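Engineer: In our numbering, the protein residues as written are 46 to 454.
We put the beta carbon where it would ideally sit given N, CA and C, even for glycine.
As the structure is a computational prediction, the values presented were derived from the model and not from experiment.
The following block contains the structure, expressed as structure tokens.
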């Protein structure tokens with residue numbers, strides 16, 4: 046067992062002797078520090094401290110001027126959070142990483158780190174709705190030129206890359222129709238022009254896909270989703286080279302949106318079962334997608350693992366598994382789709398994904414509600430489109446729940 050030690054008021058006197066002459070008020074404030082003389086914890090502890098003490102002022106100044114690494118203030122960094130940053134960076138084959146209070150916190154800080162007045166970026170239209178909303182509404186206020194193109198507009202994308210932009214933002218598979226981008230091909234073109242490439246890898250996870258191996262500079266995750274995996278925490282993670290992460294760290298420090306140590310602890314715990322969960326979700330989703338494709342009440346199924354998917358060959362070439370996300374269009378009216386959602390009993394209705402529970406939502410009214418009707422139609426986001434995040438339940442139970450709800454739709 047670790048031996049409890051007191052806060053050292055001097056090098057020669059123990060706390061046990063010191064407290065004999067201190068007031069009760071002072072005694073109650075002093076922390077008991079656990080020193081592990083033999084052995085160490087196999088689970089990263091939670092460090093909820095907001096400030097860190099130094100025996101010499103020089104030590105603090107070296108951290109301020111970044112001559113040395115260490116902890117100084119809770120808005121700057123935290124040991125528990127740092128453990129998660131290193132873990133995700135390792136899984137994505139990157140040098141370093143940063144954690145944020147949400148996925149959007151990580152995305153916005155990253156964009157601010159690499160874009161400024163007079164800069165330009167291209168973002169694919171099929172990304173997460175709030176990412177697109179931020180890029181369109183807020184970055185132009187900072188003097189950033191924005192180009193938005195569907196992944197189907199390959200000629201336009203190639204043209205903008207050739208003309209020269211500062212940053213290219215991708216997501217693969219996309220939300221919600223699960224289009225898959227040839228990351229290696231498009232990144233190769235961008236790198237020839239010195240363009241920074243960011244890939245949102247939330248849907249794929251580091252288990253199914255590692256964009257860094259295809260040349261991407263920065264990878265972002267909503268850790269709320271698969272990394273945490275249990276709908277009990279929120280956060281974002283950004284990983285990349287030490288140089289790029291250093292630039293983003295400055296923005297995070299100023300914005301003050303560091304992940305809490307409690308959330309970092311839960312996500313670290315979730316990652317321990319990430320491979321097992323993702324493999325089960327891959328398996329369940331593949332079975333459901335094939336079953337739904339043959340269902341008489343389904344117009345179309347979007348899943349990269351199906352041969353009918355337009356990007357199936359690309360997905361096979363760059364993904365280890367096809368993921369746990371499915372989208373399907375019900376052969377009914379908007380009211381019928383709403384009735385389908387209300388009829389689900391096992392599958393939860395909630396605005397998230399990637400957890401052990403299966404979750405369904407209608408993107409036209411949730412994640413992509415800010416797009417115009419015309420934009421939604423061009424992207425295939427109809428009012429009868431259902432996005433299903435497949436969990437780890439028994440797949441036959443999921444089929445039964447969906448089939449019964451479809452009969453009512």
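When you compare each of 338, 343, 344 and 363 to residue 352 by their alpha carbons, which one comes out closest?
Structural biologist: Cα-wise, what sits closest to residue 352 is 338.
Engineer: Express the C-alpha separation of residue 152 and residue 298 in angstroms, rounding to a whole number.
Structural biologist: Those two C-alpha atoms are separated by around 15 angstroms.
Engineer: Taking all protein chains shown into account, do 16 or more other C-beta atoms lie within 10 angstroms of the C-beta of residue 219, making it buried, or fewer, making it exposed?
Structural biologist: Per the 10 Å Cβ criterion, buried.
Engineer: So does the region 329-348 actually touch the region 203-210, counting three or more Cβ pairs closer than 8 angstroms?
Structural biologist: Short answer: they don't touch.
Engineer: Going by C-alpha to C-alpha distance, which of 67, 154, 114 and 148 sits closest to residue 289?
Structural biologist: For residue 289, the nearest C-alpha among the options comes from 154.
Engineer: Just the Cα atoms here: how many angstroms apart are residue 374 and residue 452?
Structural biologist: Approximately 14 angstroms, taken between the alpha carbons.
Engineer: So residue 145 is in the beta strand (DSSP E); what residue range does that whole segment cover?
Structural biologist: Note, residue 145: beta strand (DSSP E), 141-145.
Engineer: Since residue 145 and residue 304 should fall inside the 8 angstroms C-beta cutoff, what is the C-beta to C-beta distance between them, to a whole number of angstroms?
Structural biologist: At roughly 6 angstroms, the Cβ-Cβ gap stays under 8 angstroms, so residue 145 and residue 304 are in contact.
Engineer: Just list the alpha helix (DSSP H) runs in the region 315-365, keeping only unbroken ones of 4 residues or longer that don't cross its boundaries, in chain order.
Structural biologist: Listed in chain order, the complete alpha helix (DSSP H) runs (minimum 4 residues) inside the region 315-365 are 319-338 and 357-363.
Engineer: Would you please state the rounded distance, in angstroms, between the beta carbons of residue 132 and residue 319? I believe it to be under 8 angstroms.
Structural biologist: About 10 angstroms separates the two Cβ atoms, so there is no contact after all.
Engineer: Is DSSP giving residue 97 helix, strand or coil here?
Structural biologist: DSSP places residue 97 in coil when its eight states are reduced to three.
Engineer: Can you tell me the Cα-Cα spacing of residue 75 and residue 67, whole angstroms?
Structural biologist: Going from the Cα of residue 75 to the Cα of residue 67 covers about 11 angstroms.
Engineer: Whole beta strand (DSSP E) runs in the region 224-305 with 3 or more residues, listed along the chain?
Structural biologist: DSSP runs (the beta strand (DSSP E)) wholly in the region 224-305: 241-245, 263-267 and 281-285.
Engineer: Name, in chain order, the residues that DSSP records as bridge partners for residue 85.
Structural biologist: Its beta-bridge partners do not exist; DSSP assigns none.
Engineer: So who's on the other strand from residue 165, going by DSSP bridges?
Structural biologist: According to DSSP, which records beta bridges pairwise, residue 165 is partnered with 190.
Engineer: Going by C-alpha distance, which of 389, 419, 170 and 256 is nearest residue 137?
Structural biologist: Among 389, 419, 170 and 256, the Cα nearest to that of residue 137 is on 256.
Engineer: Beta-carbon within less than 6 angstroms of residue 426's beta-carbon, same chain only, minus the 5 sequence neighbours each way: which residues are those?
Structural biologist: The residues are 408, 409 and 413.
Engineer: Return the CA-CA distance between residue 265 and residue 236, expressed in angstroms with no decimal places.
Structural biologist: Cα-Cα distance, rounded: 19 angstroms.
Engineer: Per DSSP, what kind of secondary structure is residue 388 in: helix, strand or coil?
Structural biologist: Here residue 388 sits in helix by DSSP.
Engineer: Please state whether DSSP places residue 430 in a helix, a strand or coil.
Structural biologist: Strand, per DSSP.
Engineer: With C-beta atoms as the reference, is residue 405 less than 8 angstroms away from residue 367?
Structural biologist: No, Cβ-Cβ distance for residue 405 and residue 367 is not below 8 angstroms.
Engineer: Tell me where the alpha helix (DSSP H) around residue 373 begins and ends.
Structural biologist: No alpha helix (DSSP H) contains residue 373, which is instead part of the beta strand (DSSP E) from 370-375.
Engineer: Quickly, what does DSSP pair residue 394 with across the bridge? List them, please.
Structural biologist: The partner list for residue 394 (beta bridge, DSSP) reads 405.
Engineer: How would you write the range of the alpha helix (DSSP H) that residue 443 sits in, first residue to last?
Structural biologist: Unbroken alpha helix (DSSP H) run through residue 443: 440-453.
Engineer: In whole angstroms, what separates the C-alpha of residue 52 from that of residue 182?
Structural biologist: In this predicted model, residue 52 has a pLDDT of only 33, less than 50, meaning its place in the structure is not dependable enough to derive any value.
Engineer: Could you pull the start and end residues of the alpha helix (DSSP H) that residue 130 belongs to?
Structural biologist: Residue 130 -> alpha helix (DSSP H) spans 124-136.
Engineer: So, residue 326 versus residue 148, is the Cβ gap smaller than 8 angstroms?
Structural biologist: Not a contact, by the Cβ cut-off of 8 angstroms.
Engineer: Let me confirm a value: residue 307 is counted as buried when at least 16 other C-beta atoms fall within 10 Å, else exposed. Which label applies?
Structural biologist: Result: exposed.
Engineer: Quick check on residue 187: buried or exposed, where buried means 16 or more other Cβ atoms within 10 Å of its Cβ?
Structural biologist: Looking at its Cβ environment, which holds fewer than 16 other Cβ atoms inside 10 Å, residue 187 is exposed.
Engineer: Return the chain-ordered list of same chain residues with a C-beta closer than 8 angstroms to the C-beta of residue 396, the five sequence neighbours on each side being excluded.
Structural biologist: Excluding sequence neighbours, residue 396 sits near 406, 411 and 412.
Engineer: In its own chain, which residues sit with a C-beta less than 7 angstroms from the C-beta of residue 175, not counting the 5 before and 5 after it?
Structural biologist: These residues qualify, in order along the chain: 149.
Engineer: Which whole-angstrom value is the C-beta distance of residue 212 and residue 243, which I expect to be below 8 angstroms?
Structural biologist: About 7 angstroms; that satisfies the 8 angstroms criterion.
Engineer: First and last residue of the alpha helix (DSSP H) that includes residue 156?
Structural biologist: Unbroken alpha helix (DSSP H) run through residue 156: 148-159.
Engineer: Whose CA, out of 432, 345, 286 and 346, lies closest to the CA of residue 386?
Structural biologist: Checked all of 432, 345, 286 and 346; the closest Cα to residue 386 is 432.
Engineer: Smallest Cα separation from residue 169: which of 157, 139, 163 and 225?
Structural biologist: When each option's Cα is compared against that of residue 169, the closest is 225.
Engineer: State the Cα-Cα distance for the pair residue 216 and residue 88, rounded to the nearest angstrom.
Structural biologist: Straight-line Cα distance between these residues: approximately 32 angstroms.
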